[in-house]
Structures are given as structure tokens and as C-alpha cells.
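Colleague: First residue of the sequence shown? That's 27 in this note's numbering, and the numbers climb one at a time after it. The beta carbon of each residue, even a glycine, is placed where N, CA and C say it ideally should be. Could you have a look at this structure, given as C-alpha cells, before my questions?
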Amino acid sequence: MTARLWETFLIVLVVYSAWVSPFEFGFIRIPTGGLAATDNAVNAIFAVDIILTFFVAYLDRLTYLLEDDPKRIAWRYATSWLVLDVASTIPSEIARRMLPSKLRSYGFFNMLRLWRLRRVSSLFARLEKDRHFNYFWVRCAKLICVTLFAVHCAACFYYLLADRYPDPKETWIGNTMPDFHSKGLWIRYVTSVYWSITTLTTVGYGDYHAENIREMIFNIFYMFFNLGLTAYLIGNMTNLVVHGTSRTRKYVSEMKAEYFPPREDVILQNEAPTDFYILVSGSVELVEVPNGAEHGAEQVVGVAKSGEVIGEIGVLCYRPQLFTVRTRSLCQLLRMNRTAFLSIVQSNVGDGTIIMNNLIQLLKEQTDGVMVGVLKEIESMLARGRLDLPITLCFAVTRGDDHLLHQLLKRNLDPNESDQDGRTALIFVKQESDRVHFYDQQHIAASKGNEQCVKLLLEYGADPNARDSEGKVPLWEAVYAKHDTVVQLLVKGGAELSSGDTSLYACTAVEQNNIELLKQILKHVIDVNRPSKDGNIPLHRAVCDGNVEMVELLLRHGADIDKQDSNGWTPRALAEQQGHEEIQNLFRSVIAPRKYTSNVIREDVEQQPSKVLPQRRKVSFHNSLFGVISSAHPRRETDHLLSRGLAATGGPTYPQAHHNPLIRVTISCPEMGNTAGKLVILPGSIKELLQLGAKKFDMMPTKVLTIEGAEVDEVELIRDGDHLVLASDDWVPDDTQIRGKN
Numbered sequence: 027m028t029a030r031l032w033e034t035f036l037i038v039l040v041v042y043s044a045w046v047s048p049f050e051f052g053f054i055r056i057p058t059g060g061l062a063a064t065d066n067a068v069n070a071i072f073a074v075d076i077i078l079t080f081f082v083a084y085l086d087r088l089t090y091l092l093e094d095d096p097k098r099i100a101w102r103y104a105t106s107w108l109v110l111d112v113a114s115t116i117p118s119e120i121a122r123r124m125l126p127s128k129l130r131s132y133g134f135f136n137m138l139r140l141w142r143l144r145r146v147s148s149l150f151a152r153l154e155k156d157r158h159f160n161y162f163w164v165r166c167a168k169l170i171c172v173t174l175f176a177v178h179c180a181a182c183f184y185y186l187l188a189d190r191y192p193d194p195k196e197t198w199i200g201n202t203m204p205d206f207h208s209k210g211l212w213i214r215y216v217t218s219v220y221w222s223i224t225t226l227t228t229v230g231y232g233d234y235h236a237e238n239i240r241e242m243i244f245n246i247f248y249m250f251f252n253l254g255l256t257a258y259l260i261g262n263m264t265n266l267v268v269h270g271t272s273r274t275r276k277y278v279s280e281m282k283a284e285y286f287p288p289r290e291d292v293i294l295q296n297e298a299p300t301d302f303y304i305l306v307s308g309s310v311e312l313v314e315v316p317n318g319a320e321h322g323a324e325q326v327v328g329v330a331k332s333g334e335v336i337g338e339i340g341v342l343c344y345r346p347q348l349f350t351v352r353t354r355s356l357c358q359l360l361r362m363n364r365t366a367f368l369s370i371v372q373s374n375v376g377d378g379t380i381i382m383n384n385l386i387q388l389l390k391e392q393t394d395g396v397m398v399g400v401l402k403e404i405e406s407m408l409a410r411g412r413l414d415l416p417i418t419l420c421f422a423v424t425r426g427d428d429h430l431l432h433q434l435l436k437r438n439l440d441p442n443e444s445d446q447d448g449r450t451a452l453i454f455v456k457q458e459s460d461r462v463h464f465y466d467q468q469h470i471a472a473s474k475g476n477e478q479c480v481k482l483l484l485e486y487g488a489d490p491n492a493r494d495s496e497g498k499v500p501l502w503e504a505v506y507a508k509h510d511t512v513v514q515l516l517v518k519g520g521a522e523l524s525s526g527d528t529s530l531y532a533c534t535a536v537e538q539n540n541i542e543l544l545k546q547i548l549k550h551v552i553d554v555n556r557p558s559k560d561g562n563i564p565l566h567r568a569v570c571d572g573n574v575e576m577v578e579l580l581l582r583h584g585a586d587i588d589k590q591d592s593n594g595w596t597p598r599a600l601a602e603q604q605g606h607e608e609i610q611n612l613f614r615s616v617i618a619p620r621k622y623t624s625n626v627i628r629e630d631v632e633q634q635p636s637k638v639l640p641q642r643r644k645v646s647f648h649n650s651l652f653g654v655i656s657s658a659h660p661r662r663e664t665d666h667l668l669s670r671g672l673a674a675t676g677g678p679t680y681p682q683a684h685h686n687p688l689i690r691v692t693i694s695c696p697e698m699g700n701t702a703g704k705l706v707i708l709p710g711s712i713k714e715l716l717q718l719g720a721k722k723f724d725m726m727p728t729k730v731l732t733i734e735g736a737e738v739d740e741v742e743l744i745r746d747g748d749h750l751v752l753a754s755d756d757w758v759p760d761d762t763q764i765r766g767k768n
């Protein structure tokens, strides 16, 4: 920041030098008084800057690294600008004494101060690249400064020629002002600037003109300079104006609307399909001209209005245009080139399939004989793969077109092709119950109940047990959609429901309270104790919902009432916690009680302060407050919430069921400078305790110690009120950090 302020201060002094140096050179022979003192002060400041430059790092243009070696800095400066910087700071008095007597009055050394203008050039170059400043105005300021400086220098040179000429009357200013030496300095300077700028602009009023050879020669070179400067100014201003309007020009060139007068042919019948049009305003008529017929035999077959598309059939199917499109009134059209359109579609395969499906659907709705023929031709082209648009097996299955599907399979399209998510072949998106599901060809065929499509896919080697990313298989889709015939076909083809996430299927049926669906699933599923991703089995869900009928059905198919989920819960424990007495009676009637840790747990519970497990009335889970809250989340974590709720009521918890759920401990981390500690509730495992410590103290502890220094390996050993120390393997405790804290 200090360096930037110093550079800005020097820029102000450079502007002063740029004005005063030519002025002293032309108008003042011997600077005296305040002007001489100011010049010396400015020179002294630039002399200080020369010294400071030896200590300023520079950017190496080869490595783009800052070079701060004093020797390299000094060598670089000494071999570049040092000589000119020193020459531009020599005081005027010393310079006059160094020159011969005839040249002392010309102030040649003063003109060397113009070398400092390089700083102004660097300033404008930096501002032009600075996004905080408008490039247009920075560039305009630079051009104005260049013009003013050129006018000022020429005015000083003009006066110098007149002042040093032997006969003052034979000069440009002496011709109209013979006693110009007696005039004030301000009048002489303004007069010189006036003639300089009229010459620069080539106005030529005639009141001032060259009177001697010296002035004529200077005028010749000055006019050559004016030619170059004028070209520079005009070129820069033109570039700025063009740059400022480039966006508008680009918009006009690319988005120019096309207007067609009435009775104008936009598309001709049988012409090449190069473009199609979107009708913005007006209306057009579709005209059919039979081959070989005369012009009078034209027949209007349709009318298109604003918002409709014309010429799309020829472009999409790459066939000659079907009709002549003729405007009925003044029309505004937006044109889309076929090549550009297909380029976009090829990079968006899914959109291309939707476009073709919509086109075929539109043609199917047409009753015109021509359109019916076009539909048959398009379907034939689709089957032969002659369209440039991407056609997939999913496209044929979703349309229920077994003929097209057969043709595509004949072309050796792989029915088991999978994408990056493991879904076979191309993906089709179907929305059902406000949720999006992804299906491959068989999934679609099974869900839609298309028997012929299923047969074709199986005949061509499609995997009947293809599983998508959600764990669903085609047989599940058919069972879920109640397509019995398709279910039989898939089963004969080797489909097995167990190939997918069977627990997900059964849990889905339980959640929907669909007993018939659950019965269908159980016909194809052998293992009903297979856990889902969250560790639940269907019996867990049925118990949580209090669905006695489903519990009874699952028990008949071998559901394990002592199967634990990821949190240690069993269906038996859930029934006891929620007070489902009827379900408990079912459990007792199905199988005799096993040696179960809940006996030990009850003894521990009895020893605790009076924590009585509240009995809940029998109620449907979906109608309860808990069910309403849980249903608001797509991924239920029912068992996790129940685990926490049961822990709060003093019920059994696995694996630490014999401990008080609300164990409060103090944790500290002397290694990080924390010895006072923080009071927390004890988590369920040592790993969770270490993770809690990592969040609290912003470090990664690896072990738990007591206040006496003993390492704790099991969470069951921790009691309410204990003070624990979290540390890493590299920490070495001392007596002040361990002992005496209890």
C-alpha cells in the first residue's frame, strides 16, 4: 500500500515535469525564485526514488518469480534505466555550468526530465487492465493527455524559434505583435498554444503563419507529426466505438428476425430439408401440389398459426419437404438450421428421444392420408436406423412398438448395455407418485405389461435379473404393477426376485399396508430375514406400524423375532417398547422365549431409579405423530429415532443395555491446552466418543484415558460423572495434567 501511494505521488510530480520542462525550455532562459526551488525539490525526490529502486524486488520475466537478491536488483537497474534517471535529476544550475556558454540558455538538460513520462505510460497500461476502471474512459483520458502534451510542446517550440530569431519582426508572432517581448508571459503562452492547436487541427485561419526558414522547416515536421497523431487518435476512437457496440452488432447479426410478405413461399414442396421454422406471428398455409399437376391443381391441406413449427418432418426424418408453405399474411419466422439442430440433439440424447416420441405421437393423431403414410415411413426408417436422431430400445418399449423393438434388436443393439450408474442399456425416466424411477428396457416392458416386448428381449438374451441402482429387478416391476402374465414370462425366463433388494420390496409393501402385494412378494422370496441397507427386516417395519396381520404373515414365512437391526433392536424389543400386546402374544405363541439378554436388562433396570417404560395404546404407526414426522423424510431412520426414544425412557439398548442411557461425563484435552473439560452425554461407543472429541477440540484423538492415566477400551467401563482425557498416541502426560483432577 505504501509503495502504491509513493508511485501515485511520483505520477503527480511527473505531470509537473511534463509541463514545466518544455515551458522552461521555450519561455524562461534562467529559472529563478520559486520555480527554481520547486524544480530542485522535485529533482531531490526523484533522486531518493533512484536510491529506493536498488532495494525493490522485481519480477523475473523468465521464471515469473520475485527476485529479491540485492546484487541482481542493482545489476538490472544499472544496466537499464539508471543512467537516464540520473541525467533527468541533474539540477538546472549544475547543468548550465556544464554546457558551453552559447548553449547555457537553452536548458537542454531540462528536456531530459521528460524521460519520467514512462511512469505515466505504465500507469495508463495498468489502469487499462484494471477491472475496477472503465477501459473506455481510461483510454479516452490517455488520448486527451497525449493531445494536450503535443500542443503544449509545439507551443513552447514555436515561441523558442521566435524568441531566439535575430529579427523579432520576421517571426510568426512578431508579424502581428512586434513588441511581443514586452508582453506578459501569460499572453505569450496563450498565443503560442493558439497557433499550435490551429496548426494541429489544420484549421489555418491565416492570422499566424511561418515568416522565416526555421519556422517553415519546423512546420513541415510538425505537420508530418500531426498526420501520425491524427491517425492514432482516429484509429483509437474508432476502435473504442466499435468495441462498445460489438455486443449489439453481434445480437443483430445472429438474432435478426426474418419477415415474409403475404403470398410468399417459405418452403417449397420436395425441396431439400435444410431448415425448419418457428412461426412467431402471422399464419401460413400448407399446400400440396400433386406430382405432374399444374399450378392450379394446388390443394390447401392445413394452416399453421403463431407458435407452431413448420418443416420439422423433413428436417427430422431427412426427407424432401412434404408441402409448400405459403404465407397468408405478414409473418415473422425464426429459422433453425438442420445441422446446428442435430448437433445439439446429438449431445443431448434424452431430449432427442423425447422429440422423436412427440413427433410420432403428433403424426398418430393426424387423420390425413398423407400423414398416415408419413408415419409408416418414419417407423420404417426408425427400424432401419436411417435417422440421425438417437433411437434406443427404451424408445421402442415405451411406445409399445414391438415391431420397432424387433428391428432394433436385429441390428445387434445390446439389451444389457449399462451406463455409469449400472443401469442396463439406455435410461428412461418415468414419474410415478411424484417420485422419479429409472428403468432399463425390461423394467419398462415389465412395468407397462407389454408381453410381446418382454418375449423379444428375453429371446435376444436380455438378463432377466438385471438390477438397477435402486436394487430393483424386472420381476419386481411386474409384481408391483400386477401384470401376472408378464410375471409368468419372467419366471419362465429365469427371473428371481431374490436377485434384487428383497427386503426393500417387502418393506415397501409393509409401508403401503398392502397385504396382497406382500403375499405376491413372499411367493418369490425365500429369505424374509434379509436386511435392507439400514439393517431392518420387514418384521421391524410391521412391528413399528403395529400391523398385526402383516406380522402374522411374516411369522408364517419364518421371520426371526430376535433379528437385530443396525442399532441392536429386535422386533421383540420393539413390540415391548411400544406396548403392542397383541403382537407380543403372537411372538409368545409362535416360539418359546429364548435365552434373551432382556432378562439381565430388566434386572439392571430395576436397580435404576424408577424409570418405568410407558405403555402405548395400540395405534397405527402412520396415524401417530411419530409416523407423520417420519413420513416427511424420504429416507426413514425409524429405528435410529426409536433407539434414542427408548434410551430416554430407560428401556433396553444394545449393545450397552445394562448402562444408564443418560451418562454424563466430563471430557478434556490437555494436549490441546484444554484442562477444564466439557460436560457431555456419553455416546454409545469409544469410536463415537473419539469423534465427539475431535469436533469439540479440533484434533484427532486416538485413545481415551481416565484422570489417573489408565486407558479405557470399553464404553461399558465408564460411569456417570467420570472425567475422561482424550489424547493422541504421541501425547506424553505429566503429573500436572493427569493427577489431582478427580
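Report the three-state DSSP secondary structure of Arg-98 (helix, strand or coil).
Modeller: Helix at Arg-98.
Colleague: Let me make sure I understand the geometry here. Which of Leu-501, Leu-600 and Lys-518 has the alpha-carbon closest to that of Leu-548?
Modeller: Leu-548 has its Cα closest to that of Leu-501, out of Leu-501, Leu-600 and Lys-518.
Colleague: From Ser-495 to His-583, what does the alpha carbon distance come to, in whole angstroms?
Modeller: The straight-line gap from Cα to Cα measures roughly 28 angstroms.
Colleague: I need the straight-line Cα distance from Val-751 to Gln-590, nearest angstrom please.
Modeller: Whole-angstrom Cα-Cα distance: 33 angstroms.
Colleague: Please work out which residues of its chain come closer than 8 angstroms, Cβ to Cβ, to Ala-720, disregarding the five sequence neighbours upstream and downstream, and give them in chain order.
Modeller: Once the five neighbours on either side are set aside, the close Cβ partners of Ala-720 are Met-726 and Pro-727.
Colleague: Let me know the secondary structure DSSP gives Ile-304 once reduced to three states.
Modeller: Ile-304: strand per DSSP, three-state reduction.
Colleague: List the endpoints of the continuous alpha helix (DSSP H) containing Arg-352.
Modeller: That residue, Arg-352, is in no alpha helix (DSSP H); its beta strand (DSSP E) goes 350-353.
Colleague: Secondary structure at Val-499, three-state DSSP: helix, strand or coil?
Modeller: Here Val-499 sits in coil by DSSP.
Colleague: Under a three-way DSSP split, which group does Gly-200 fall into?
Modeller: Correct three-state label for Gly-200: coil.
Colleague: Name the one or two DSSP bridge partners that Met-362 has.
Modeller: Phe-302, per the DSSP bridge assignment.
Colleague: Whose C-alpha, out of Leu-149, Ser-106, Ile-223 and Asn-66, is nearest the C-alpha of Phe-80?
Modeller: For the residues Leu-149, Ser-106, Ile-223 and Asn-66, the minimum Cα distance to Phe-80 belongs to Ser-106.
Colleague: Measure from the alpha carbon of Ile-386 to the alpha carbon of each residue in Glu-403, Lys-559 and Gln-538, then state which is nearest.
Modeller: The candidate whose alpha carbon is nearest that of Ile-386 is Glu-403.
Colleague: Taking 6 angstroms as the limit between beta carbons, can you name the residues of its chain near Asn-201, skipping five residues before and five after?
Modeller: The answer, listed in chain order, is Glu-237.
Colleague: Give the C-beta separation of Ile-336 and Ile-293 to the nearest angstrom, bearing in mind that I take them to be a contact with Cβ-Cβ under 8 angstroms.
Modeller: Right, their Cβ atoms sit about 7 angstroms apart.
Colleague: Look up Ser-373 in the DSSP assignment and say whether it is helix, strand or coil.
Modeller: Reduced to three states, the DSSP call for Ser-373 is coil.
Colleague: For Glu-297, count neighbouring Cβ atoms within 10 angstroms of its own Cβ and tell me buried if that reaches 16, exposed if not.
Modeller: With fewer than 16 Cβ atoms within 10 Å of its Cβ, Glu-297 is classed as exposed.
Colleague: Can you tell me the Cα-Cα spacing of Arg-30 and Met-249, whole angstroms?
Modeller: Each residue's alpha carbon lies about 39 angstroms from the other.
Colleague: Determine the closest residue to Asp-724 out of Glu-734, Phe-53 and Ala-753, with distance taken between C-alpha atoms.
Modeller: When only C-alpha atoms are compared, the closest one is Ala-753.
Colleague: Using a 10 Å radius around the Cβ and a threshold of 16 neighbouring Cβ atoms, would you call Trp-221 buried or exposed?
Modeller: Result: buried.
Colleague: For Asp-553, which three-state DSSP category applies?
Modeller: Of the three classes helix, strand and coil, the one that applies to Asp-553 here is coil, per DSSP.
Colleague: Excluding sequence positions up to five away, which residues of its chain have a Cβ less than 8 angstroms from the Cβ of Ser-355?
Modeller: Excluding sequence neighbours, Ser-355 sits near Pro-288, Gly-308 and Ser-309.
Colleague: Among Leu-718, Lys-436 and Ala-100, whose alpha-carbon lies nearest the alpha-carbon of Ala-83?
Modeller: Nearest C-alpha to Ala-83: Ala-100.
Colleague: Take the Cβ of Thr-228 as the centre, count every other Cβ of all protein chains shown within 10 Å, and call the residue buried at 16 or more, exposed below.
Modeller: Classification of Thr-228: exposed, given that the 10 Å Cβ count is below 16.
Colleague: Mark Gly-59 as exposed unless 16 or more other C-beta atoms lie within 10 angstroms of its C-beta, in which case mark it buried.
Modeller: Gly-59 is exposed by the Cβ-count criterion.
Colleague: Leaving aside the five residues before and after Pro-635 along the sequence, list all residues of the same chain whose C-beta is less than 8 angstroms from its C-beta, in chain order.
Modeller: Confidence is the limiting factor: at Pro-635 the pLDDT is only 39, short of 50, which leaves the residue's position unreliable and the question unanswerable from this model.
Colleague: Exposed or buried, what is Pro-597 when buried is set at 16 or more other beta-carbons lying within 10 Å of its beta-carbon?
Modeller: Burial call: buried.
Colleague: Give the range of the beta strand (DSSP E) segment to which Glu-477 is assigned.
Modeller: Not the beta strand (DSSP E): Glu-477 falls in the alpha helix (DSSP H), residues 477-485.
Colleague: Figure out for me which residue from Ala-521, Lys-498, Gly-497 and Tyr-506 has the closest Cα to the Cα of Leu-483.
Modeller: Closest by alpha carbon: Ala-521.
Colleague: For a test of the three-state rule: what should DSSP assign to Glu-284, helix, strand or coil?
Modeller: Strand at Glu-284.
Colleague: Throw me the rounded Cβ distance for the Leu-226 and Ala-176 pair, which I believe falls under 8 angstroms.
Modeller: About 7 angstroms separates the two Cβ atoms, so the contact holds.
Colleague: From what residue to what residue does the alpha helix (DSSP H) around Gly-719 run?
Modeller: Taken as a continuous stretch (DSSP letters only), the alpha helix (DSSP H) holding Gly-719 covers 712-723.
Colleague: Decide if the region 206-219 is in contact with the region 142-162; the criterion is three or more beta carbon pairs, one per stretch, under 8 angstroms apart.
Modeller: Contact between the region 206-219 and the region 142-162 is absent, because fewer than three Cβ pairs lie under 8 angstroms.
Colleague: Tell me, to the nearest whole angstrom, how far the beta carbon of Ser-43 is from that of Arg-139; I am working on the premise that it is less than 8 angstroms.
Modeller: 4 angstroms between Cβ atoms; contact.
Colleague: Determine the DSSP secondary structure at Lys-508, reduced to helix, strand or coil.
Modeller: Here Lys-508 sits in coil by DSSP.
Colleague: Compare the Cα-Cα distances from Thr-353 to each of Gly-378, Arg-567, Val-505 and Val-326 and report the closest residue.
Modeller: Nearest of Gly-378, Arg-567, Val-505 and Val-326 to Thr-353, Cα basis: Val-326.
Colleague: Should Ala-769 go down as buried or exposed, given a rule of 16 or more other Cβ atoms within 10 Å for buried?
Modeller: Given a span of 27 to 768 for the chain in the structure shown, any question on residue 769 remains unanswerable.
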